[in-house]
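Reviewing the structure listed below.
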Amino acid sequence: MYVLGIESSCDETAVALYHASKGLIAHTLYSQIATHAEYGGVVPELASRDHIRKLVPLIKTVLKEAELTAKDIEGIAYTAGPGLMGSLLVGAATAQSLAWTWQIPAIAVHHMEGHLLAPMLEDNPPTYPFVALLISGGHTMLIEVRAIGKYRLLGESLDDAAGEAFDKTAKMLGLEYPGGPKLAELARSGQNRFKFPRPMTDRPGLEFSFSGLKTFTMNALHATQQTEQDKADIAFAFQQAIAETLSIKCKRALQQTQLKTLVVAGGVSANQEIRQQLQQMATKEGADIRFPRPEFCTDNGAMIAYAGCQRLMAGQTQNLEIFARPRWPMEQLISL
Ligand code: ATP
Ligand code: MG
Ligand code: FE
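Following UniProt numbering, the numbering of the sequence shown begins with 1 at its first residue and continues without gaps.
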């Protein structure tokens, strides 16, 4: 079964083709970063207009790359939420129109389920059950995963998401949007000089809170001459604080659930320092840890095609409703 995957929840237009037994066949992505950079963040109206321009050409590109035609496609998976309403509608309407024209099923995929399943695209995929840490631009969640669609939220951020904290801190340090990867690069020339707090690690529980780190960054920055080295040292301290906090909470989640596999996904899981610290913690705990390849940490079409393929193969169906949910709790998903 060949499934076309469409991702358009935010500022990436991405398309992929996944085959139930052959695996990932082709994938492509157009990032709108340049469009939004001058505004310092995503402008929703510009995002949806850009998805309209790019989506159909990207679908054509993927089919051509795979040397397939529309007749070969047996299902279409699209991101139905959470995300920006206008952007989601472009993906949903395109997917449903093609599904109706080609007389094949379409399936709505939850964006965070896509992220969570991205490590399944790798050679050595994790086995269920496992603990998942999802760290992205809009979410920070620890989830107990029993099977596809069987999710129990263990803890989440009470305020800023991890990626949001990276981006806002990067902005304060004068880095361009999206600042997460740029902050990580700057941190490489930083030294261990500032000690930032590890929020909410001094009490039990699996909740996160990252918004206080912004004030801490601001105060630290203003106490210096704001040289490049000062900024690098602050970036280093900030990244250490996030990495250690995530590591402490993941260790707790593994102990609490008695599970021995940790899956880490979402844009922030591309961060090398975070990957290393989590890896060290997992080794100490005798747990397996799995990440997606870096390009599938951030938004992509492959994770949506994979998730949709699993759901279609399990017989899940959907009518022609253009289903889009800017907010969509994961626990409402149908389990396979
Ligand atoms: P969500 O998935 O919650 O809807 P999103 O789709 O915008 O949000 P992703 O595409 O998963 O988020 O990830 C983007 C986020 O990841 C941004 O905040 C970005 O700064 C961050 N990010 C990407 N690479 C890195 C890195 N190497 N270090 C830190 N943060 C990073
Ligand atoms: Mg993005
Ligand atoms: Fe995402």
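Cβ atoms here follow ideal geometry from the backbone N, Cα and C, with glycine treated the same way.
- Task: Could you check if residue 39 is buried or exposed, using at least 16 other CB atoms within 10 Å of its CB as the buried criterion?
- Result: As a working mapping, residue 39 is identified with position 39 in the sequence shown. Residue 39 should be labelled exposed.
- Burial state of residue 337, where buried means 16 or more other Cβ atoms lie within 10 Å: This structure cannot settle anything about residue 337, because the visible part of the chain is limited to 1 through 336.
- Message: Following a CB-centred definition, is residue 50 positioned closer than 6 Å to any heavy atom of the ligand MG?
- Response: Reading the sequence shown from its first residue, position 50 is the one you call residue 50. Incorrect: residue 50 has no Cβ contact closer than 6 Å to the ligand MG.
- Item | Beta-bridge pairing of residue 290 - partner residues as DSSP gives them | For the purposes of this step, residue 290 is identified with residue 290 of the sequence shown, where counting begins at 1. Its beta-bridge partners are 263.
- Do the CB positions of residue 133 and residue 264 come within less than 7 Å of each other? As a position in the sequence shown, residue 133 is number 133, starting the count at 1. As a position in the sequence shown, residue 264 is number 264, starting the count at 1. Residue 264 sits close to residue 133, with the two beta carbons spaced by under 7 Å.
- Task: Let me know the secondary structure DSSP gives residue 173 once reduced to three states.
- Result: Locating residue 173 in the sequence shown gives position 173, counting from the first residue. Three-state result, residue 173: coil.
- Message: Shorter than 6 Å, the distance from the beta carbon of residue 178 to the closest heavy atom of the ligand ATP, or not?
- Response: Residue numbering aside, residue 178 sits at position 178 when the sequence shown is read from its first letter. It does: the Cβ of residue 178 is within 6 Å (strictly closer) of some heavy atom of the ligand ATP.
- Check the C-beta distance from residue 285 over to residue 251 and give it rounded, since I have them as a contact under 8 Å. The count along the sequence shown starts at 1 and reaches residue 285 at position 285. The count along the sequence shown starts at 1 and reaches residue 251 at position 251. About 6 Å; that satisfies the 8 Å criterion.
- Query: Taking all protein chains shown into account, do 16 or more other C-beta atoms lie within 10 angstroms of the C-beta of residue 123, making it buried, or fewer, making it exposed?
  - Reply: In the sequence shown, counting from the first residue as 1, residue 123 sits at position 123. Label assigned to residue 123: exposed.
- Query: When every heavy atom of the ligand ATP is checked, does at least one fall within less than 6 Å of the C-beta of residue 196?
  - Reply: On the sequence shown, residue 196 is found 196 positions in, with the first residue counted as 1. No - the ligand ATP has no heavy atom lying nearer than 6 Å to the Cβ of residue 196.
- Message: Along the chain, where does the beta strand (DSSP E) containing residue 141 start, and where does it finish?
- Response: Working through the sequence shown from its first residue, we reach residue 141 at position 141. Its beta strand (DSSP E) spans residues 140-147.
- Task: Mark residue 202 as exposed unless 16 or more other C-beta atoms lie within 10 angstroms of its C-beta, in which case mark it buried.
- Result: Your numbering for residue 202 matches position 202 in the sequence shown. By the 10 Å Cβ count, residue 202 comes out exposed.
- Message: Residues in the same chain with beta-carbon distance under 6 Å from residue 8, minus the five sequence neighbours each way, listed in chain order, please.
- Response: Indexing the sequence shown from 1 puts residue 8 at position 8. For residue 8, where only same-chain residues beyond five positions count, the Cβ hits under 6 Å are 51, 87, 90 and 91.
- Query: Alpha carbon to alpha carbon, what distance is there between residue 172 and residue 111?
  - Reply: Along the sequence shown, one-based indexing puts residue 111 at 111. Along the sequence shown, one-based indexing puts residue 172 at 172. Roughly 29 Å separates the two Cα atoms.
- Task: Using three-state DSSP, classify residue 18 as helix, strand or coil.
- Result: Along the sequence shown, one-based indexing puts residue 18 at 18. Correct three-state label for residue 18: strand.
- Return helix, strand or coil for residue 232, following the three-state DSSP convention. As a first step, residue 232 must be located in the sequence shown, where it is residue number 232. Three-state DSSP puts residue 232 in a helix.
- Which of helix, strand or coil DSSP assigns to residue 214: Reading the sequence shown from its first residue, position 214 is the one you call residue 214. It is helical.
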